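First comes the structure, then the notes that go with it.
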Amino acid sequence: MRRRGGENRKARRGAPGLIAQLRRPPGGRDARIMLLAQLLDRAGTGVWAAACVLYFTFILGLDAGQLGLLFGAAGVAGIAGSPLAGHLADRFPVRSLLIGCHLLRLGTLCALLVVTDFDVLLAVVAVTHLGDRAAKTLEMLFATRVAGEQRSTYQALSRSSANAGYALGAGLAAIGLAVGTRGAYQVLILANALSFLAAAVLVWRTREPRGRGLLTAPPGDGAEGAEADADTGAGVDPAAAAGAGAGRAGAGRAGAGKAGPAGASPWRDRGYLRFVLLDIPMNLDDSILGVGLPLWLVTQTSAPHSLIPAFLVINTVLVVVLQLRVSAKVQGPRQAADAVALYGLTTLLCCVLLATAAAGGVWAASAALLAAAVLATAAELMRSVSSWELAVSLAPREARASYLGVAGMAQSVQKSAGPLLLTGAVMTAGPAGWLVLGAAVAGLSLVQRRSGLRRLDLLSGTPAPAPASASA
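Residues in the sequence shown are numbered consecutively from 2, following the numbering used here.
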């Protein structure tokens, strides 16, 4: 009996849970510090996200038109943040750039305490959002180097800690919002600013990933980098190494879709740009959950308005609990490509439920909307794994930083265009609009899967069918 208990304990140790993984994440000490930095960063962001609209409306007195312009400018700045971060990361240490982003946002948030002129406010919010998107891209680049081929596990831990941070921040914001005075709002702004300062200090305590701060390993590092560093966990990703070799071998071959050699530009790589373009609709779960579900409930269903906070609770809890398990099921780029197809199917089912919610009574509509929130979260779980894994695996290793910077644009573009698509077209068309959207995302997910597999074949040197070789 004692022996069996020991075997059970070993089995449990062989499959560590979320807390155990957070204590010993892929990448060791540096990854653990970075995850804590992300938790604090997102806690501050959660505070500001819950309070910013009310602050701009009731404290600064902005109208709806000014709010739209403000958030529109922030969205455009965010689109530029990802490729700018990737471009700079090819030339400067990722760690230093990330500290700079945190300090930049610290300064702009403090400026909000004194800025009242709308034109200046527009610039401050835009720069803040640019720094926010750049920081997220740099965190991804840092993890890609430090976690090595275990990056999917690190990504799961990152999302779990980030969602916990958002929930913590929203809870703290509720206290300030209940007070509702200018001073209370200013305390919330300072709390967000201090989270950036704390994150910068934590990032300063990490060590720069190997390669002198660049995501490209120095010449002759292949054999040495094949083994993970005992403390940082940095290692060479086999898929990336294959991609690098294929890029060098194919440098003289024709075909704009192939991964290029060192110094390649993602802006001239049609195959990678196709991936980024198709990845935009693969991020629509974010707008569906944050915009589509609440507005559809309020305007087209008989479900009670008090149900809306449940959508956020469902999303936060499921992401924290299930992200690690979902990531464990997706190992490698080919499984990530398969997960894209599942994303499309899950989104289609979510949209079908939203369409049927409009025709049901209170209980039927409530059940359909809650189920749709679960499916939107399931789509998010798959997208968070597949999108990052493919963005890394489809990029040539010699220019990975700039490529991942361009890939980060997909989420930024969706955040700007997604709400407009839902409010201006999908919901205007009624239930049929949701059905068309779901079918379109499902179809595009199959195109993305096929395109991704073709490019993986090209990177690995596997012979591809003749029609695919020119467009992979």
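Beta carbons: idealized from backbone N, C-alpha and C, even for Gly.
Values in this document were obtained by computation on a predicted structure and should not be read as measured data.
If residue i sits next to residue j, beta carbons under 8 Å apart, how far is it from one beta carbon to the other, in whole angstroms?
i	j	result
residue 328	residue 153	5 Å
residue 301	residue 359	5 Å
residue 380	residue 429	With a Cβ gap of about 23 Å, residue 380 and residue 429 do not count as contacting.
residue 48	residue 192	5 Å
residue 477	residue 42	Only positions 2 to 473 of the chain appear in this structure, which leaves residue 477 out of reach.
residue 185	residue 177	4 Å
residue 34	residue 206	6 Å
Considering only residues of the same chain and omitting the five flanking positions on each side of residue i, which have a CB-CB separation below 6 Å?
i	result
residue 423	288, 292 and 293
residue 350	376
residue 107	194, 197 and 198
residue 453	338 and 391
residue 450	338, 341 and 342
residue 21	none
residue 51	171 and 174
residue 130	75, 78 and 79
residue 409	83 and 138
residue 295	309
residue 1	Outside the displayed range of the chain (2 to 473) lies residue 1, so it cannot be described from this structure.
residue 215	Below a pLDDT of 50, predicted positions are generally treated as unreliable, and residue 215, at 42, falls in that range; the measurement from the model is reported next regardless. Counting only Cβ-Cβ distances below 6 Å, and skipping sequence neighbours, we find nothing.
residue 385	160
Specify, as a first and last residue, the run of the alpha helix (DSSP H) that residue i falls within.
i	result
residue 281	Element bounds for residue 281: n/a, residue is neither H nor E.
residue 390	363 to 394
residue 435	432 to 461
residue 418	410 to 422
residue 294	294 to 301
Tell me which residues share the same chain as residue i and place their Cβ nearer than 8 Å to its Cβ, disregarding the 5 neighbours each side in the sequence.
i	result
residue 407	83, 84, 87, 267, 268, 273, 274 and 277
residue 308	298, 367, 370 and 371
residue 39	140, 159, 162, 163, 166 and 200
residue 203	34, 35, 37, 38 and 41
residue 116	122 and 125
residue 182	none
Tell me which same chain residues have a C-beta within less than 7 Å of the C-beta of residue i, skipping the five on either side of it?
i	result
residue 352	435, 436, 438 and 439
- Message: My parser needs the alpha helix (DSSP H) runs of 4 or more residues fully inside the segment 53 to 113; what are they?
- Response: 65 to 90 and 95 to 112
- Item | alpha helix (DSSP H) runs wholly inside the segment 131 to 215, at least 4 long, in chain order | List check, alpha helix (DSSP H) in window: 152 to 180 and 183 to 206.
- Complete alpha helix (DSSP H) runs within the segment 309 to 334 (minimum length 4 residues, chain order): 309 to 330
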